[in-house]
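Visitor:
Residue numbers (the UniProt record's numbering): 1 to 91.
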């Protein structure tokens, strides 16, 4: 018989201190909301380019649903575009 699904205990209940994320051995996917100009430039270049700025700190989220809630479901000003970013664990 197979074990529990990833992220679930044997009782089918998630743990109290659990982070749900899309990941593999080498990478993790995080989500962040951006203004349309930043997101469109990043998607076109497949990397962050101006008007993206490293001088502005934002919180990344490992959960798409959590990010959607925090961004007002993509309706907050400056948070209309949601990007999924795969980053390496090595940095």
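Here a beta-carbon is modelled for each residue, glycine too, at the ideal position from N, C-alpha and C. Values in this document were obtained by computation on a predicted structure and should not be read as measured data.
Just tell me which of 78, 38, 83, 62 has its CA closest to the CA of residue 28.
Guide: Considering only alpha carbons, the answer is 62.
Visitor: Identify the continuous alpha helix (DSSP H) that holds residue 38 and give its terminal residues.
Guide: Segment 36 to 45, the alpha helix (DSSP H) holding residue 38.
Visitor: Alpha carbon to alpha carbon, what distance is there between residue 41 and residue 78?
Guide: Going from the Cα of residue 78 to the Cα of residue 41 covers about 14 Å.
Visitor: Where does residue 70 fall in DSSP's three states?
Guide: Three-state DSSP puts residue 70 in a helix.
Visitor: What is the rounded straight-line gap between the Cα of residue 35 and the Cα of residue 80?
Guide: So the alpha carbons of these two residues sit roughly 6 Å apart.
Visitor: Quick one: what's residue 54 bridged to in DSSP?
Guide: None, per the DSSP bridge assignment.
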